[in-house]
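Mapping of the sequence shown onto full-length UniProt numbering: residues 1 to 219, in sequence order. The C-beta atom is built at its ideal place from N, Cα and C for all residues, glycine as well. The structure displayed is predicted, hence computed values, not measured ones.
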Amino acid sequence: MPPLPAPDYTPPTDPLDYLHVDEDLIAVVKPDGLLSVPGRGPHLADCLIARIADDYPDVLLVHRLDRDTSGVMIFARTAPAQRHLGLQFEKRQTRKVYEALVLGHVEGHEGRIDLPLCVDWENRPLQHVNHEKGRPAQTDWRVMEHLPGLTRMELTPLTGRSHQLRVHMLELGHPILGDTLYATTPDGKAERMMLHARALDLRHPTGGAWMEFRAPTPF
Numbered sequence: 001m002p003p004l005p006a007p008d009y010t011p012p013t014d015p016l017d018y019l020h021v022d023e024d025l026i027a028v029v030k031p032d033g034l035l036s037v038p039g040r041g042p043h044l045a046d047c048l049i050a051r052i053a054d055d056y057p058d059v060l061l062v063h064r065l066d067r068d069t070s071g072v073m074i075f076a077r078t079a080p081a082q083r084h085l086g087l088q089f090e091k092r093q094t095r096k097v098y099e100a101l102v103l104g105h106v107e108g109h110e111g112r113i114d115l116p117l118c119v120d121w122e123n124r125p126l127q128h129v130n131h132e133k134g135r136p137a138q139t140d141w142r143v144m145e146h147l148p149g150l151t152r153m154e155l156t157p158l159t160g161r162s163h164q165l166r167v168h169m170l171e172l173g174h175p176i177l178g179d180t181l182y183a184t185t186p187d188g189k190a191e192r193m194m195l196h197a198r199a200l201d202l203r204h205p206t207g208g209a210w211m212e213f214r215a216p217t218p219f
């Protein structure tokens with residue numbers, strides 16, 4: 001069984017970086033190492049939504065990022081806004097862009113990975129490619145630069161499956177540096193997982209104005 005967050009879970013304690021707050025939504029930068037929502041057990045109660053609730057008690061969940069992924073997250077403040085935003089994610093009307101450092105020299109300039117994913121039940125929480133039972137999953141990728149032993153990638157998920165970018169990069173033959181679940185070789189170790197949600201664009205739930213949120217990549 002792959003490792004779950006340890007009992008000595010010690011997330012970062014830096015103040016939250018709010019990008020935007022209004023009556024309907026909250027945009028914030030999630031730091032790496034912090035759960036989006038509470039985990040199982042009191043030692044995993046500290047999480048992003050709980051910290052936001054200290055400032056905005058009406059906060060409502062819209063989507064998640066993995067614990068070790070940093071970057072832009074959106075939360076709602078009313079039930080209608082939560083439904084509106086949730087539908088945008090469900091209908092793929094949002095635009096999400098991630099940046100990652102992956103192992104090795106990625107050949108080519110850009111491409112699309114189209115591989116269905118589902119949970120690997122015998123090795124939860126791992127996900128894997130399964131052409132019979134998996135749900136459709138597509139990721140567009142673009143090489144940004146080559147570094148010694150690494151490639152900086154721009155990743156645009158067209159779907160929102162669990163661990164999608166992490167598994168798709170593994171299937172491409174270039175796991176994400178610092179990914180403790182999928183980059184298990186010695187050269188895959190790093191101080192954090194090098195995956196960051198750099199941009200999230202969507203329609204405001206009241207009025208429909210197009211909104212663009214950015215968080216510079218910290219690695």
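task = Taking residue 80 as part of the beta strand (DSSP E), name the residues at either end of that continuous run.
result = Looking at the DSSP string, residue 80 is not in any beta strand (DSSP E); the run it does join, the alpha helix (DSSP H), is 79 to 90.
Residues of its chain near residue 105, where Cβ-Cβ distance is below 7 Å and the 5 sequence neighbours each way are ignored = 146 and 151
Length of the line joining the Cα atoms of residue 55 and residue 48 = 11 Å
Of the residues 88, 10, 140 and 18, the one placed nearest residue 202, counting alpha carbons only = 88
inquiry  = Taking only three categories from DSSP, how would you classify residue 188?
reply    = helix
Test item: CB-CB of residue 35 and residue 83 under 8 Å = no
ask   = Counting along the chain, where does the beta strand (DSSP E) carrying residue 168 start and finish?
value = Here residue 168 belongs to no beta strand (DSSP E); instead the alpha helix (DSSP H) covers 164 to 171.
request  = Could you tell me the distance, in whole angstroms, from the CA atom of residue 216 to the CA atom of residue 174?
outcome  = 23 Å
query = CA-CA distance, residue 42 and residue 71?
reply = 25 Å
query = For residue 149, is the classification buried or exposed, using 16 other Cβ atoms within 10 angstroms of its Cβ as the cut-off for buried?
reply = exposed
query = What first and last residue would you give for the alpha helix (DSSP H) that runs through residue 137?
reply = It is not in any alpha helix (DSSP H) - residue 137 carries neither H nor E in the DSSP assignment.
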